[in-house]
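A.B. asks: Please read through the structure below; I'll follow up with questions.
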Amino acid sequence: MNYTGRYGMEMNPFIKNGKDVLVETSEYKEVSFRLNYLLQTKGFGLITGEPGRGKTTTVRKWAESLNPAAYKVVYISLSTVTVIEFYRQLAEKLGLDPYYKKVDNFKAIQNMIERYRREKRITPVIILDEANYMKSGILNDLKILFNFEMDSKDYAVVLLVGLPQLNNQLRMSSQEPLRQRLVTSYNMESLNEKEAERYILEKLKGVGCHQEVFDKNALQAIINASNGTPRVMNQICNKALLMGEQKGKMILDMETIMDAVNDNELG
């Protein structure tokens, strides 16, 4: 099925294993600005947003841009991690042989972070993704784990990334000490109509497409159906391309988009 050729694309930019075309939306730029500020100040940061808003993509792109000679990036997904598993994963990714006891890992992690700073002049950047699933035991330990010189120094960047309910967890009185330590926090919103249209068109342009693929009504239908959420736009566009190929359409119209939307919801 040569649907990419039909629509003048080198490959499909709307699927994960296609070409990763980065569209620098206003939300992307705002998050990047805040992350760069966090990098300068060190300490804790928080990025939240509903599913599909581009949190992980934005943070990943930012992390990839960091100089490995100056920053040690550690990524941990917290969806199914227990407290001891968290300590063991963090220890291992910092280059340590993890211990079985939490207290031993705690000391080893702190010592290694100090070594990175003093001996290697490297700042660890700890990215905790899906942090809304974080066990309360991990959340409670974070402030203590990254406390250096009687809480007068920050030697690492710790970034919490998750769904908006993470904000509710941090508003609990037990988490007030951690919440007060946040250097920056931002909730990613959906794209407005103009930016959503630019997102789709730049994705196409990024794979060498110079022809009209979606007519104006089709673009509007994608934006309305997705509510400006990048992941949903990608899914609808992908389904529409496949359906357009099946129907032999050179330009995709609103009818094709609505069929794609219905198919996406059923899937």
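Numbering (our numbering), first residue to last: 760 to 1026. Quick reminder that beta carbons are idealized off the backbone N, C-alpha and C, glycines included. Predicted, not measured: the structure shown is a model, and the values here were computed from it.
#1: Helix, strand or coil for S944 per DSSP?
#2: In three-state terms, what does DSSP make of M909?
#3: What are the complete beta strand (DSSP E) segments, minimum 3 residues, inside the segment 938-997?
#4: With 16 as the cutoff for other CB atoms within 10 Å, does T988 come out buried or exposed?
#5: What three-state label does DSSP hand L798 in the structure shown?
#6: Between the beta-carbon of E956 and the beta-carbon of V782, is there less than 7 angstroms?
#7: At the level of alpha carbons, what is the spacing between N761 and E1004?
#8: Please state whether the Cβ-Cβ distance between Y914 and R880 is less than 7 angstroms.
#9: Compute the distance between the beta-carbons of P772 and G965, then report whether it is under 7 angstroms.
#10: Helix or strand or just coil, what does DSSP make of T817?
#11: For the structure I just gave you, are there three or more beta carbon pairs, one from the segment 855-865 and one from the segment 918-932, closer than 8 angstroms?
#12: Give me the DSSP bridge partner(s) of G921.
#13: For M931, count neighbouring C-beta atoms within 10 Å of its own C-beta (all shown protein chains included) and say buried if the count is 16 or more, exposed if not.
#14: Taking DSSP as the reference, what is the three-state secondary structure of S791?
#15: Going by DSSP, which residues form a beta bridge with K831?
#16: Going by Cα to Cα distance, which pick from A822, K1006 and S838 is closest to R765?
#17: Look up D900 in the DSSP assignment and say whether it is helix, strand or coil.
#18: With H, G and I counted as helix, E and B as strand and the rest as coil, what does DSSP make of S824?
#19: For S836, name the three-state secondary structure that DSSP assigns.
#20: Tell me the rounded alpha-carbon separation between S791 and E873.
#21: Would V832 and I897 be called neighbours here (beta carbons separated by less than 7 angstroms)?
#22: On the DSSP letters alone, give me the boundaries of the alpha helix (DSSP H) that N870 sits inside.
#23: When you compare each of A977, L853 and I835 to D888 by their alpha carbons, which one comes out closest?
#24: Starting from L849 and walking both ways along the alpha helix (DSSP H), at which residues does that stretch end?
C.D. replies: Walking through what the data contain:
#1: Within the sequence shown, the letter at position 185 stands for residue 944. Strand at S944.
#2: Locating residue 909 in the sequence shown gives position 150, where the first residue counts as 1. Its pLDDT being 47, under 50, M909 is placed unreliably by the model, and the measurement read from it follows with that caveat. M909 falls in the coil class under three-state DSSP.
#3: Complete beta strand (DSSP E) runs here, min 3: 941-947.
#4: The residue given as residue 988 occupies position 229 in the sequence shown. With a threshold of 16 other beta carbon atoms within 10 Å, T988 meets it and is buried.
#5: On the sequence shown, residue 798 is found 39 positions in, with the first residue counted as 1. If DSSP states are grouped into helix, strand and coil, L798 belongs with the helices.
#6: Locating residue 956 in the sequence shown gives position 197, where the first residue counts as 1. Locating residue 782 in the sequence shown gives position 23, where the first residue counts as 1. Between E956 and V782, the C-beta gap is not smaller than 7 angstroms, which leaves the two residues out of contact.
#7: Walking along the sequence shown from the start, residue 761 turns up at place 2. Walking along the sequence shown from the start, residue 1004 turns up at place 245. Cα atoms of N761 and E1004: separation of roughly 8 angstroms, rounded to the nearest angstrom.
#8: Taking the sequence shown and counting its residues from 1, the one referred to as residue 914 is at position 155. Taking the sequence shown and counting its residues from 1, the one referred to as residue 880 is at position 121. No, the Cβ-Cβ distance between Y914 and R880 is not below 7 angstroms.
#9: By 1-based counting over the sequence shown, the position of residue 772 is 13. By 1-based counting over the sequence shown, the position of residue 965 is 206. In contact: P772 and G965 (Cβ atoms closer than 7 angstroms).
#10: For the purposes of this step, residue 817 is taken as residue 58 along the sequence shown, with counting starting at 1. In the displayed model, T817 falls within a helix according to three-state DSSP.
#11: In this structure the segment 855-865 does not touch the segment 918-932; the number of beta carbon pairs closer than 8 angstroms is below three.
#12: As a position in the sequence shown, residue 921 is number 162, starting the count at 1. Beta-bridge pairing by DSSP links G921 to T807.
#13: Taking the first residue of the sequence shown as position 1, residue 931 is located at position 172. M931 should be labelled exposed.
#14: Looking up residue 791 in the sequence shown gives position 32. Of the three classes helix, strand and coil, the one that applies to S791 here is helix, per DSSP.
#15: As a working mapping, residue 831 is identified with position 72 in the sequence shown. DSSP lists P883 as partners of K831.
#16: On the sequence shown, position 6 is the one that residue 765 refers to. Taking R765 as reference, the option from A822, K1006 and S838 with the minimal CA-CA separation is K1006.
#17: Looking up residue 900 in the sequence shown gives position 141. DSSP places D900 in helix when its eight states are reduced to three.
#18: Numbered from its first residue, the sequence shown carries residue 824 at position 65. When DSSP states are grouped into helix, strand and coil, S824 belongs to the coil group.
#19: In the sequence shown, counting from the first residue as 1, residue 836 sits at position 77. The answer is strand: DSSP assigns S836 an E or B state.
#20: For the purposes of this step, residue 791 is taken as the residue at position 32 of the sequence shown. For the purposes of this step, residue 873 is taken as the residue at position 114 of the sequence shown. Linking S791 to E873 through their CA atoms gives a straight-line distance of about 26 angstroms.
#21: For this step, residue 832 is matched to residue 73 along the sequence shown. For this step, residue 897 is matched to residue 138 along the sequence shown. No, the pair does not count as a contact, with Cβ atoms beyond the cut-off.
#22: If you number the sequence shown from 1, residue 870 lands on position 111. N870 -> alpha helix (DSSP H) spans K861 to R877.
#23: The count along the sequence shown starts at 1 and reaches residue 888 at position 129. Closest by alpha carbon: I835.
#24: The sequence position of residue 849 within the sequence shown is 90, counting from 1. V842 to K852 is the span of the alpha helix (DSSP H), which, as asked, contains L849.
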